[in-house]
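Below is one structure, written out as C-alpha cells, with a few remarks after it.
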Amino acid sequence: MSSKPAIFLASNSPRRRELLTQIGVPFTAFAPDIDETPFESESAADYVIRMAKEKAEAGWRMRNVTGENHSLLLAADTSVVANGNILGKPIDAADAMAMLSNYSGQSHEVMTAVAVTNGKQTVVENVVTSVYFRHLSETEIRQYIESGEPFDKAGGYGIQGLAALFVSHLEGSYTGVMGLPLFETGQLLAQFGYPIL
Numbered sequence: 000m001s002s003k004p005a006i007f008l009a010s011n012s013p014r015r016r017e018l019l020t021q022i023g024v025p026f027t028a029f030a031p032d033i034d035e036t037p038f039e040s041e042s043a044a045d046y047v048i049r050m051a052k053e054k055a056e057a058g059w060r061m062r063n064v065t066g067e068n069h070s071l072l073l074a075a076d077t078s079v080v081a082n083g084n085i086l087g088k089p090i091d092a093a094d095a096m097a098m099l100s101n102y103s104g105q106s107h108e109v110m111t112a113v114a115v116t117n118g119k120q121t122v123v124e125n126v127v128t129s130v131y132f133r134h135l136s137e138t139e140i141r142q143y144i145e146s147g148e149p150f151d152k153a154g155g156y157g158i159q160g161l162a163a164l165f166v167s168h169l170e171g172s173y174t175g176v177m178g179l180p181l182f183e184t185g186q187l188l189a190q191f192g193y194p195i196l
C-alpha cells in the first residue's frame with residue numbers, strides 16, 4: 000500500500016475519524032468553532048452545504064495552530080431531515096421519543112455535505128440518503144432511548160449502532176448516514192490530486 004500524505008480533518012466526530020482511517024487517509028484532526036444556527040427559511044440542503052464550506056474555510060484559517068502544513072483540508076456536516084425540518088440531537092427523552100416515533104414506518108433523509116479545500120479552491124458535494132424505518136413499537140423506542148444511544152447523535156439515532164435493527168433499507172450512502180460518504184469523499188480528494196489508493 001502506498002504512503003499517502005496526511006490531510007487536515009476539520010471535525011471532532013469519532014465516526015468521521017474511523018471512516019477516514021478505513022480508507023487509509025492519514026489526518027490531523029481539529030474542529031473549528033463556528034455558528035451552526037440555520038438561517039431563517041434556509042433549506043436543509045443549503046444549510047448542510049453552507050456548514051461544510053464554513054467549517055472547511057474556518058479550519059483552513061486555523062490550521063497553523065497544529066504546527067503542521069498539510070496541503071488539503073476536509074470538513075463535513077450531517078443533518079437528519081424529516082418533513083423538511085432539520086433535526087438536531089435530542090434534548091431529552093421526550094424529544095428522542097418524538098423523533099423516533101416520527102420515523103416509525105416512514106422514510107426520512109440524511110444529508111451529508113463534504114467540503115475539500117486547498118486554501119485557494121473549495122469544492123463541496125451534498126450526498127442525500129433516504130432511510131426507511133420499519134414500524135417501531137413504543138416499547139422498542141423506550142428501550143432504545145434507555146440505551147443512551149440517541150442523545151449524542153443528530154436525529155436521535157446511529158445507524159452503526161443498535162438503530163441498525165430499525166432500518167429496513169436505504170437509498171444512497173450508508174457511510175453518508177454515518178457522517179462521511181466514502182465514495183464521494185474519495186472522488187473529491189482525487190479532484191485535488193490526492194492518491195486515493
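Be aware that the sequence shown starts at 0, since it is given in numbering that gives the first Met the number 0, and climbs by one per residue.
Where a beta carbon is used, it is the ideal one built from N, C-alpha and C, also for glycine.
Sequence-distant residues of its chain with Cβ nearer than 6 Å to residue i (five each side left out)
| i | result |
| --- | --- |
| Ser172 | Val126, Thr128 and Pro180 |
| Trp59 | Leu72, Thr116 and Gly118 |
| His69 | Ala5, Ile6 and Phe7 |
| Ser12 | Gly178 |
Residue i in three-state terms, based on DSSP
| i | result |
| --- | --- |
| Ala114 | strand |
| Ile85 | strand |
| Ser2 | coil |
| Ser103 | coil |
| Asp207 | Absent from the model: residue 207. The displayed extent of the chain is 0 to 196, so no value can be given. |
C-beta contact flag for residue i and residue j at 9 Å
| i | j | result |
| --- | --- | --- |
| Gly175 | Thr111 | yes |
| Thr121 | Glu56 | yes |
| Met61 | Pro31 | yes |
| Ile6 | Leu86 | no |
| Tyr131 | Ala162 | no |
| Ser123 | Ile48 | Residue identity differs from the one stated: residue 123 is Val in this sequence, not Ser. Closer than 9 Å, so yes. |
Residues near residue i in its chain [Cβ-Cβ closer than 7 Å; skip 5 each side]
| i | result |
| --- | --- |
| Phe191 | Leu71, Val115 and Asn117 |
Bridge-paired residues (DSSP) for residue i
| i | result |
| --- | --- |
| Phe132 | Val166 |
| Glu108 | Val80 and Ser129 |
| Thr138 | Answer is none; Thr138 lacks a bridge partner. |
| Glu124 | Val113 |
Contacts around residue i, its chain only, beta-carbon distance under 8 Å, and the 5 residues preceding and following it disregarded
| i | result |
| --- | --- |
| Val64 | Phe29 |
### Query
If you scan the region 7-89 from start to end, which runs of the alpha helix (DSSP H) of 4 or more residues do you find wholly inside it?
13-21 and 43-61
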